[in-house]
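Peer 1: Just so we're aligned, residue 123 is where the sequence shown starts under the working numbering, counting upward by one.
Idealized CB from N, CA, C, for every residue including glycine.
In this text the structure is predicted, and so the values were computed from the model without any measurement.
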Amino acid sequence: MTAKRIVFKQDKDDEEYEYLGTQCFQINPNVEEKEIPTNGEEYLLKVVKERAKYATVTKCNLDISEINKKRCNTVNEHVNPVRPELLKPTIEWQNIQIADFSDLHMYVIRMAARKKKLLPSIFEETYKDFLKDGDIMWEKVFESTEPTLSHVVGLSHSAIESGLDAILKILTQVQTGQSIDRRTGPVLNKMMKMQENWQHH
């Protein structure tokens with residue numbers, strides 16, 4: 123393979139002159155060149171002197187297409203299998219899901235409306251052991267009760283928000299590798315459901 127040699131000449135008008143013509147590392151002028159360098163500056167001086175012997179840039183005639191070829195192992199992805207018609211969701215199935223959701227949604231709304239009418243007595247009965255100055259002590263609720271939807275339906279926004287704040291406080295205290303109490307997750311889910319229900323009304 124024949125090598126084509128190109129002489130590099132610095133041009134002060136070239137935009138890249140300051141980069142190509144500036145020495146990266148400054149060497150003390152008192153440093154002497156040695157055959158075997160004993161420190162960093164002597165080594166740099168030797169490199170600079172060696173480089174000065176080569177005033178040309180060598181360009182090789184290489185086939186770029188060969189260089190651009192992938193050299194790493196590749197994995198052939200399998201074609202995704204076609205889903206059988208039998209497993210595709212039917213219109214009837216989708217209608218059933220919508221109806222179930224609507225029934226559950228109406229159940230929550232009716233429960234909330236019923237609790238609003240009887241709120242004082244139900245509230246006192248549900249949280250009678252967990253009230254302090256009229257506020258719910260959520261940490262004790264999480265520790266000693268099995269949370270159900272009826273625990274949160276009908277509560278005021280402020281009560282739900284205080285419960286969410288209590289859960290957030292618990293979550294921030296959980297260390298890496300530890301888990302939250304099994305009751306905390308379900309009650310968080312139910313509170314978020316109530317928040318979502320308010321947003322839709």
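1) On the three-pair Cβ rule with 8 angstroms, is the region 261-271 touching the region 302-309?
2) Only counting runs of 3 or more residues, tell me where the beta strand (DSSP E) segments fall wholly within the region 195-234, in order along the chain.
3) Which same chain residues end up closer than 6 angstroms to V274 when comparing Cβ atoms and leaving out the 5 residues on each side of it in sequence?
4) State the Cα-Cα distance for the pair M259 and H279, rounded to the nearest angstrom.
5) Let me know the secondary structure DSSP gives D287 once reduced to three states.
6) With a 10 Å radius around its C-beta and 16 neighbouring C-beta atoms as the bar for buried, classify A174 as buried or exposed.
7) Rounded to whole angstroms, what's the CA-CA distance from E157 to I149? Just pull it up for me.
8) Would you call the CB atoms of E154 and K168 closer than 8 angstroms?
9) Can you tell me which of L184, S284, Y229 puts its alpha carbon nearest to the alpha carbon of G256?
10) Once the 5 residues before and after G307 are set aside, which same chain residues still bring their CB inside 7 angstroms of it?
11) Please state the DSSP three-state secondary structure of K346.
12) Three-state secondary structure (DSSP) at I258?
13) Output the distance between the C-alpha atoms of I128 and C182, rounded to the nearest integer angstrom.
14) Whole angstroms are fine: how far does the CA of T270 sit from the CA of L205?
15) Roughly how many angstroms lie between the CA atoms of N152 and Y176, to the nearest whole one?
16) Measure the C-alpha to C-alpha separation of P159 and K191 and round it to an integer number of angstroms.
Peer 2: Taking the structure as given:
1) Look at the beta carbons and you see the region 261-271 touching the region 302-309: at least three pairs across the two are nearer than 8 angstroms.
2) Counting only runs of 3 or more, we get nothing.
3) Answer for V274: K312, M313, M316, listed in chain order.
4) Near 16 angstroms, if we compare the C-alpha coordinates of H279 and M259.
5) Under the three-state reduction of DSSP, D287 is assigned to helix.
6) It counts as exposed.
7) Between the C-alpha atoms of E157 and I149 there is a straight-line separation of about 17 angstroms.
8) Taking C-beta atoms as the reference points, E154 and K168 fail to come closer than 8 angstroms.
9) If we check each option's Cα against that of G256, S284 comes out closest.
10) Within its own chain, no residue has a Cβ closer than 7 angstroms to the Cβ of G307 once the five positions on either side in sequence are excluded.
11) Missing from the structure shown is residue 346; the chain here goes from 123 to 323 and no further.
12) Residue state, collapsed to three classes: strand.
13) Interpretation of I128 is limited by its pLDDT of 48, a score under 50 that renders its predicted location unreliable; the figure taken from the coordinates is listed afterwards. The alpha-carbon atoms of I128 and C182 are separated by roughly 11 angstroms.
14) The sequence as given places Arg at residue 205; Leu does not occur at that position. Distance between the alpha carbons of R205 and T270: 39 angstroms.
15) Cα atoms of N152 and Y176: separation of roughly 24 angstroms, rounded to the nearest angstrom.
16) For P159 and K191, the distance between alpha carbons rounds to 41 angstroms.
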